[in-house]
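Take any residue in the sequence shown, note its place counting from 1, add 1, and you have its number in this note's numbering.
Quick notes on the structure that follows.
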Amino acid sequence: MIKEVQLRINLIEEKQEGVLKWKASKQLGVDKNEITAIKILRKSIDARKRQIIFNYKIAVYINEPVPENTGYTFDYKDVSAAKEIHIIGFGPAGMYAALRCIELGYKPVVLERGKNVKDRRRDLRAINQFHDVNEDSNYCFGEGGAGTYSDGKLYTRSLKRGDVRRIFENFVFHGATEQILIDAHPHIGTNKLPKIIQNIRENILKYGGEIHFESRVTNLIIKENKLQAIHLQNGTEMSVNAVILATGHSARDIYYLLHKKNIALKAKSFAMGVRVEHPQHIIDSIQYHCKGERDELLPAAAYSLVHQVNDRGVYSFCMCPGGFIVPAATANGEVVVNGMSPSKRNNPFANSGIVVEINVEKDLPKYNHFGELKGLEYQKDLEKLAFNAGGKSQVAPAQRLTDFVEGRLSNDLNSSSYQPGLKSAPLHSLLPKLIGSKLRKGFGVFGKKMNGYYTAEANVVGVESRTSSPVNIPRNENLEHPEIEGLFPCGEGGGYAGGIVSAAMDGERCAEAAIKRCS
Ligand SMILES: Cc1cc2nc3c(=O)[nH]c(=O)nc-3n(C[C@H](O)[C@H](O)[C@H](O)COP(=O)(O)OP(=O)(O)OC[C@H]3O[C@@H](n4cnc5c(N)ncnc54)[C@H](O)[C@@H]3O)c2cc1C
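Pasting the structure below:
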């Protein structure tokens, strides 16, 4: 017999060996010796009150052996001679589209502008140490896409868009720990992601798919509203049956290409702001109600904050406990910050984007002449502003949090995880009012919601500009562009995802749609 039980365990009990079995036997009224195994199905931490509680959902096996593998199986087929589906971009959307093609008996041909995960590392070092951004290989471009050197947070709100569990099981199948199937807020960590992504690549190649690195797509050849071929930067032309366009929201050249070809696009609302960085122990002491070090059983604490300022959302985005701020620009001449963390989340800093909703219809009248690309041009200008304020390198402009809110230049800054370095700059006056004044009000309120959050020991760092796509590439109910037969806009770049898991789910859906068109 198998019974499911919910258990609440406090910190002292959590340290006791066999506590789950003991508590389950008591709750179910069965002898401890009859419990053959316990499988944890879900685990979360509730730290809202002073007494921290671990919430468990477990399956209790009573006089019953545990089946060895209860997970999904992935029925990959040899597709070396099968019909081709072209996929542009090898981020989460492109990777999962390729895997789905193989499951369904089609051969994915992937074109990726960046390098494989190993070679990509050298270019990341060049950004951090020499401030030199390779426009094809950086924190956003290359094998695994923007998700590779990220936090690998797998939390998503897009539960209705697909089978989240299936995406997680696939990560486990390719080497992620089973813990991601259990945790309420699962994450993989930037140190573990490259190996998993390499396993995905090797699996695609093993079953006969193709992956071409350093192969930037520069043109789409369209005849009579049907996509016929794609051009690569190296001069190669490839004829195509169907193309999944999964180039992410940093591939501005793709938006420009579509715009130049008069292919329908739409301006899309998005969010921008700054990244705030606190010492992790401050966030731990607020969230865990402790003084000094957090308990060894507790992970680096996270937070999620939101407030409406003049009917506009100001909120935390991509919070990275125990993480690093990274330079996420995709071209020289811009500064963009983002966050990542290792699997242990053991860096002494906690960083998070704090961003303001930008309504492209109302907020950017001066950019109207850019048409559908107005949000993109506004985003670019903010990144240029950060570049100039930082001193025209990857050094980022920054200010102590209290100075930012109270409107004065910081004489000095706190130490930071951001490797290229910080320069004190008056972000409070440099940022457009639309963003700066709402952020300043928002931070004031956040300080009341989390006592200790509003502190001179935190820095704000500019700018967090790539939260989601400022452009939408439309598609119809078959997920195909309404004007171009055979073009399937996909993932974050199309405006259909906002993170690793939602991009992966969209990749699977687009693969199914592209295959339907070709069969
Ligand atoms: C530093 C950082 C940390 C992040 N942390 C998290 C996190 O913890 N959790 C989370 O859910 N999300 C996180 N994100 C966001 C997440 O990475 C993206 O939402 C996700 O990767 C989007 O997937 P995608 O496949 O749609 O696009 P992308 O991952 O952007 O992939 C697009 C790919 O297309 C390639 N490409 C672009 N143009 C061309 C072209 N012309 N020809 C060929 N190839 C091209 C790019 O090189 C890239 O590899 C983070 C992002 C960054 C930058």
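Idealized CB from N, CA, C, for every residue including glycine.
With Gln28 as the anchor, note down where its alpha helix (DSSP H) starts and where it stops.
-> 20 to 29
For Leu480, is the classification buried or exposed, using 16 other Cβ atoms within 10 angstroms of its Cβ as the cut-off for buried?
-> Label assigned to Leu480: buried.
Lys22 vs Ile63 beta-carbon contact at 8 Å | no
Is the number of C-beta pairs between the stretch 465 to 473 and the stretch 261 to 272 that are closer than 8 Å three or more?
-> yes
Roughly how many angstroms lie between the CA atoms of Leu246 and Ala457, to the nearest whole one?
-> 44 Å
Cα-Cα, which of Phe388, His282, Asn333, Ser286 is closest to Pro349?
-> His282
Identity of the residue in Arg510, Met341, Lys424, Pro427 nearest Lys154 by Cα | Met341
Tell me, to the nearest whole angstrom, how far the beta carbon of Asn242 is from that of Lys84; I am working on the premise that it is less than 8 Å.
-> 6 Å
Can you list, in chain order, the stretches of the beta strand (DSSP E) that have 3 or more residues and sit fully within the stretch 259 to 312?
-> 271 to 280, 307 to 310
Looking only at its own chain, which residues have a Cβ that is under 6 Å from the Cβ of Arg518, when we skip the five neighbours before and after it?
-> Ala243
Could you check the C-alpha separation between Asp137 and Val446 for me, to the nearest Å?
-> 40 Å
Rounded to whole angstroms, how far is the Cβ of Gly274 from the Cβ of Glu493, which I believe are closer than 8 Å?
-> Contact doesn't hold; Cβ gap of about 18 Å is too wide.
May I have the straight-line CA-CA distance separating Thr37 from Lys50, to the nearest angstrom?
-> 34 Å
Taking the Cβ atom as the reference point for each residue, do Lys227 and Gly495 lie within a distance shorter than 8 Å?
-> no
Is Asn143 near ligand 1, with its Cβ less than 7 Å from a heavy atom?
-> A small fix is needed here, since residue 143 is Gly in this sequence, not Asn. Checking every heavy atom of ligand 1 against the Cβ of Gly143, one is found closer than 7 Å.
Give me the Cα-Cα distance between Val406 and Tyr256, rounded to the nearest whole angstrom.
-> 36 Å
Since Gln288 and Ala272 are thought to touch, with beta carbons under 8 Å apart, how far apart are those beta carbons, to the nearest angstrom?
-> Actually they are not in contact, since the Cβ atoms of Gln288 and Ala272 sit about 24 Å apart, beyond 8 Å.
At which residues does the alpha helix (DSSP H) containing Arg167 begin and terminate?
-> 165 to 174
Does the beta-carbon of Arg67 have 16 or more other beta-carbons within 10 angstroms, so that it is buried, or is it exposed?
-> Per the sequence presented here, residue 67 reads as Val, with Arg not at that position. Val67 is exposed by the Cβ-count criterion.
Could you tell me whether the Cβ atoms of Leu125 and His87 are closer together than 8 Å?
-> no
Cα-Cα separation between Arg346 and Met320, rounded to whole angstroms | 12 Å
Return the residue from the list Lys262, Arg217, Asp254 that minimises the CA-CA distance to Lys224.
-> Lys262
Residues bridged to Gly314 [DSSP beta-bridge criterion] | Gly314 is bridged to Gln309.
Might you give, ordered along the chain, the residues of its own chain that have their beta carbon closer than 6 Å to the beta carbon of Lys78, omitting 5 neighbours on each side?
-> The answer, listed in chain order, is Gly106.
For the candidate residues Ile46, Ala329, Pro433, whose alpha-carbon lies nearest to that of Asp364?
-> Pro433
Between which two residues does the beta strand (DSSP E) harbouring His429 extend?
-> Note, His429: premise wrong, no beta strand (DSSP E); alpha helix (DSSP H) at 428 to 431.
Spatial neighbours of Lys439 within its chain, please: CB distance less than 8 Å, with the 5 preceding and 5 following residues excluded, ordered by chain position.
-> Val310, Asn311, Arg313, Val315, Val357
Have a look at Ala25 and Ser503 and give me their C-alpha separation to the nearest angstrom.
-> 35 Å
Heavy atom of ligand 1 within 7 Å of Arg217 beta-carbon | yes
Is the beta carbon of Ser344 less than 8 Å from the beta carbon of Asn192?
-> yes
Ligand 1 heavy atom lying under 7 Å from the CB of Leu194 = no
Determine the DSSP secondary structure at Gln130, reduced to helix, strand or coil.
-> helix
Using three-state DSSP, classify Thr248 as helix, strand or coil.
-> coil
For Leu12 and Thr248, the rounded distance between their alpha carbons = 45 Å
Hey, could you find the ends of the alpha helix (DSSP H) Thr403 is sitting in?
-> 402 to 407
Closer than 7 Å: is that where the CB of Arg401 sits relative to any heavy atom of ligand 1?
-> Taking 7 Å as the cut-off, the C-beta of Arg401 does not count as close to any heavy atom of ligand 1.
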